[in-house]
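Shown next, in structure tokens, is the structure this report addresses.
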Amino acid sequence: MFKIAKEFSFDMAHMLDGHDGKCQNLHGHTYKLQVEVAGELFADGAKRGMVMDYSDLKAVVKTHILDQMDHAFIYDLHSEKECKVAQLLIDLDSKVYGIPTRTTAEEMAKYMFEKLEKVGLPVSLIRLWETPTSYCEYTK
Ligand SMILES: [Zn+2]
147 MFKIAKEFSF DMAHMLDGHD GKCQNLHGHT YKLQVEVAGE LFADGAKRGM
197 VMDYSDLKAV VKTHILDQMD HAFIYDLHSE KECKVAQLLI DLDSKVYGIP
247 TRTTAEEMAK YMFEKLEKVG LPVSLIRLWE TPTSYCEYTK
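This note's numbering puts the first residue of the sequence shown at 147, with every later residue one more than the last.
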């Protein structure tokens, strides 16, 4: 089996409601995202010798992750406090994106994995860097 990966970068604001430190405050990160897909090689046609065309991988991640999350306030749909902030931003025509979990690197990596899997990408691993020295890896 072959594994190929592509890296992306995006900016995002969030807060961790209930955190016992500075992460409870609204702040942002430049995230690095690595999406790995696994499979065998195409035997013929335009994609012969490839697991997947890197440009196709890029397009899927752009459509299903980056277009929604880049430069958005990402918030936990279950947090009343975070929903209040999101509502204010919505009223101000600012970009928001709600997910049904806390917006830790761990939960977001899992969310992205499952979202990409659902649209048919043969994703095998997600690595999400919240800072240049901190990342989470999610795989099944
Ligand atoms: Zn943070």
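Even for Gly, the Cβ is constructed at its ideal location relative to N, Cα and C.
Looking at the backbone, the Cα of Leu187 and that of Met198 are separated by about 8 angstroms. The Cβ-Cβ distance between Met147 and Met215 does not fall below 8 angstroms. Distance between Glu226 and Arg273, taken at the CA atoms: about 29 angstroms. In the structure shown, Val265 adopts coil according to DSSP, grouped into three states. Counting along the chain, the unbroken beta strand (DSSP E) around Ile220 starts and ends at Ala218 to Asp222.
DSSP lists Arg273 as the beta-bridge partner residues of Glu283. In this structure, Cys169 has its CB closer than 7 angstroms to one or more heavy atoms of ligand 1. Annotated three-state conformation of Val197 is coil, per DSSP. In the structure shown, Leu179 adopts extended strand secondary structure according to DSSP, grouped into three states. Ranked by Cα distance from Leu262, the first of Asp166, Val242, Val183 and Gly195 is Val183.
Segment contact: the stretch 173-180 against the stretch 275-283, three or more CB-CB distances shorter than 8 angstroms; contact assigned.
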